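Structure first, commentary second.
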Amino acid sequence: MKKQHNLTVMHWGTWQVQARDGNIEAVTPVPWDKNPSRIGQSLPDAITSKTRIRRPAVRAGYLQNGPASREGRGKEPFVEVSWEVALDLLARELNSVKARCGNEAIFGGSYGWASAGRFHHAQSQLHRFLKCFGGYTASTNTYSSAAGERILPHILGPLSPLHRQHTHFSELARECQLFVAFGGLPLRNAQVNGGGANDHMLKYWLEKMQAQGTRFINISPVRNDLSAVESAEWLAVRPGTDTALLLALCYVLINESLYDSGFIASHTVGFASYRAYLMGESDGVAKTPEWAAAITGIEAQRIAALAREMASQHTMVNISWSIQRARQGEQAYWATVALTALLGQIGTPGGGLGFGYACTNLAGAARKAFSGPRLPAGENAVNQVIPVARLSDMLLHPGEAYEFDGQHLRYPDIRLVYWAGGNAFHHHQDINRLCEAWRRPETVVVHEQFWTAQAKFSDIVLPVTTSLERED
């Protein structure tokens, strides 16, 4: 009986897997992980789960009537079939849609996380296949931080490179005197690990920063959004009002001449119009602490005092991804850039701004400027791309016009949805509306490990292995 110890990398970090004769006995954290997520311990149960998809399956109504049967999605049972039957059926529908409607009518979804490895990265494999097939309609942006991803290139720079340039926690521990966290720094979010191979470092560094004198302020409706720092001050802001607070802080800095006029002159544009807006000269409403207090629920005196504290210390202002996941969510990110520009601390040791410290252990980590080698995916012959969060709108309103990032576009008429390595029913907003939209395409194909909601709302389901059952 041979016992093996292997490493596996997943959303929740890097784990040691103990297996005997091909059967997994246990998983344990790697010794270098400072605060491993307990979620990883559920891996052995997932392998043997009763919800695993064991064989190719086709929805009963679809198997009998083909694309004419749509209303049964999410309601009908599935019939297990051979790989030959499933693949022939899939090939027939792909060719049919391509011949009748063109490749634009195929939506290559697959938003979401997949294998941390490069070869078994499900999205890459599907997109490569569909590109070889002639192309497909793709999606852009993320559910995580789409508003930030679209506003920041217009005012500061693309979000992904900015994440790589965030001040490392080691420097914050040495230099940062005040860390103001809009949306907190929740440890629960730091269970996720971008790429899987990083250390769960947030708790360690927050405790180290506190020990070395950094003061933390948690601006969030939820007190335990900064539970790792016992001494953190909590300012209970009303949900969705962070922008008003940010504007009032900017007002105080300008009104009391606490802002860095040199930085504003050398590194920014538009100060005169922004000042006029804050002072109420352009709209008749001065963005005073009193104005913000009525909106945010935070006392005006505390708002004014916070602005003064920020101007007098090495201050890091961090805003969580959650804050921009709302209507006009981009405004809070824009206001954060304006606030930190007024402070003049962008790029200084221990100061500046952050977008998502605590999210996926990427911001503040030591990261390489370049990614590792990967298999080329080829070029997509179809130039149709939709914002990922407009999935339901696209399916419900084919051919209709919409606006996105200053562009006037039209939704494609999608006839076939092909999904691998993700779960729209987990990510997407307004699930009841998604259920309605999901019944519009002629065919829905899913590669899945488990009988998730998305698998049950599909027509052709192909089983796949977990990361513990393959090599990458």
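The opening position of the sequence shown corresponds to residue 0 in numbering that gives the first Met the number 0, with each subsequent residue numbered one higher. Note that beta-carbon positions come from the ideal geometry of N, C-alpha and C, so glycine has one too. Remember, it's a predicted structure, so these values are computed and weren't measured experimentally.
(message) Along the chain, where does the beta strand (DSSP E) containing A180 start, and where does it finish?
(response) As a working mapping, residue 180 is identified with position 181 in the sequence shown. 177 to 181 is the span of the beta strand (DSSP E), which, as asked, contains A180.
(request) Please state whether DSSP places H407 in a helix, a strand or coil. (result) Reading the sequence shown from its first residue, position 408 is the one you call residue 407. Reduced to three states, the DSSP call for H407 is strand.
(request) Count the other C-beta atoms from every protein chain shown that fall within 10 angstroms of the C-beta of R409, then say buried if there are 16 or more, exposed otherwise. (result) Taking the first residue of the sequence shown as position 1, residue 409 is located at position 410. So R409 counts as exposed.
(message) Considering only the alpha carbon of each residue, which of T242, P220, V384 lies closest to E232?
(response) Taking the first residue of the sequence shown as position 1, residue 232 is located at position 233. With distances taken between Cα atoms, E232 lies closest to P220.
(request) Helix, strand or coil for F215, going by three-state DSSP, please let me know. (result) Within the sequence shown, numbered from 1, the residue matching residue 215 stands at position 216. Secondary structure of F215 (DSSP, three-state): strand.
(message) Classify K49: buried if its beta carbon has 16 or more other beta carbons within 10 angstroms, exposed otherwise.
(response) Mapped onto the sequence shown, residue 49 falls at position 50. Exposed, since its Cβ has fewer than 16 Cβ neighbours within 10 Å.
(request) Kindly indicate which three-state DSSP category P288 falls into: helix, strand or coil? (result) Stepping through the sequence shown from its first residue, residue 288 is reached at position 289. Assignment of P288 by DSSP, reduced to helix, strand and coil, places it in the helix class.
(request) Can you have a look at A271 and say buried or exposed, based on whether 16 or more other CB atoms are within 10 angstroms of its CB? (result) Here residue 271 refers to the residue found at position 272 of the sequence shown. Exposed, because fewer than 16 other Cβ atoms sit within 10 Å of the Cβ of A271.
(message) Which residue marks the beginning of the beta strand (DSSP E) containing R58, and which one marks its end?
(response) As a working note, residue 58 is residue 59 in the sequence shown. Per DSSP, R58 belongs to the beta strand (DSSP E) from 56 to 58.
(request) Could you please give the first and the last residue of the uninterrupted beta strand (DSSP E) stretch that includes L461? (result) Taking the sequence shown and counting its residues from 1, one reaches residue 461 at position 462. From DSSP, the beta strand (DSSP E) with L461 extends over 459 to 462.
(request) If I'm right that R432 touches S391 with Cβ under 8 Å, what's the distance once you round it to whole angstroms? (result) The sequence position of residue 432 within the sequence shown is 433, counting from 1. The sequence position of residue 391 within the sequence shown is 392, counting from 1. That belief holds up - the Cβ atoms of R432 and S391 are roughly 5 Å apart, short of 8 Å.
(request) Report yes if the CB atom of V416 is closer than 7 Å to the CB atom of F106, and no otherwise. (result) Here residue 416 refers to the residue found at position 417 when the sequence shown is read from its first residue. Here residue 106 refers to the residue found at position 107 when the sequence shown is read from its first residue. Taking 7 Å as the Cβ cut-off, V416 and F106 qualify as a contacting pair.
(request) Would you mind reading off the limits of the alpha helix (DSSP H) that contains M315? (result) Counting from one through the sequence shown, the residue named residue 315 turns up at place 316. Segment 314 to 318 is the beta strand (DSSP E) holding M315; no alpha helix (DSSP H) there.
(message) Measuring only from the beta carbon, is D259 closer than 6 Å to any heavy atom that is part of the ligand GTP?
(response) The ligand content of the structure shown is nil, which means the ligand GTP is not present either.
(request) Assess, as a yes-or-no matter, whether the segment 222 to 231 is touched by the segment 177 to 188 under the definition of 3 or more beta carbon pairs within less than 8 Å. (result) yes
(request) Measure the alpha-carbon distance for I253 versus R274 and round it to whole angstroms. (result) On the sequence shown, position 254 is the one that residue 253 refers to. On the sequence shown, position 275 is the one that residue 274 refers to. The C-alpha of R274 is placed about 8 Å away from the C-alpha of I253.
(request) Whole angstroms is fine: what's the gap from L171's alpha carbon to L125's? (result) For the purposes of this step, residue 171 is identified with residue 172 of the sequence shown, where counting begins at 1. For the purposes of this step, residue 125 is identified with residue 126 of the sequence shown, where counting begins at 1. Distance from the CA of L171 to the CA of L125, rounded to the nearest whole angstrom, comes to 41 Å.
(request) Express the C-alpha separation of L352 and C358 in angstroms, rounding to a whole number. (result) Residue mapping note: residue 358 aligns to position 359 of the sequence shown, counting from 1. Residue mapping note: residue 352 aligns to position 353 of the sequence shown, counting from 1. Distance between the alpha carbons of C358 and L352: 15 Å.
(message) So the candidates are Q330, G39, E24, D20; which of them puts its Cα closest to the Cα of W14?
(response) Along the sequence shown, read from residue 1 onward, the residue named residue 14 stands at position 15. For the set Q330, G39, E24, D20, the Cα lying nearest the Cα of W14 is the one of G39.
(request) Provide the residue(s) that pair with R237 in DSSP beta bridges, ordered along the chain. (result) The residue labelled residue 237 in the question sits at position 238 within the sequence shown. Per the DSSP secondary-structure output, R237 pairs with nothing in a beta bridge.
(request) Kindly identify the DSSP beta-bridge partner or partners of A400. (result) Residue mapping note: residue 400 aligns to position 401 of the sequence shown, counting from 1. Residue pairing by DSSP puts A400 in a beta bridge opposite R409.
(request) Could you pull the start and end residues of the beta strand (DSSP E) that P386 belongs to? (result) Indexing the sequence shown from 1 puts residue 386 at position 387. Per DSSP, the unbroken beta strand (DSSP E) holding P386 starts and ends at 384 to 386.
(message) With H, G and I counted as helix, E and B as strand and the rest as coil, what does DSSP make of Y61?
(response) To locate residue 61, count along the sequence shown from 1; it is residue 62. DSSP places Y61 in helix when its eight states are reduced to three.
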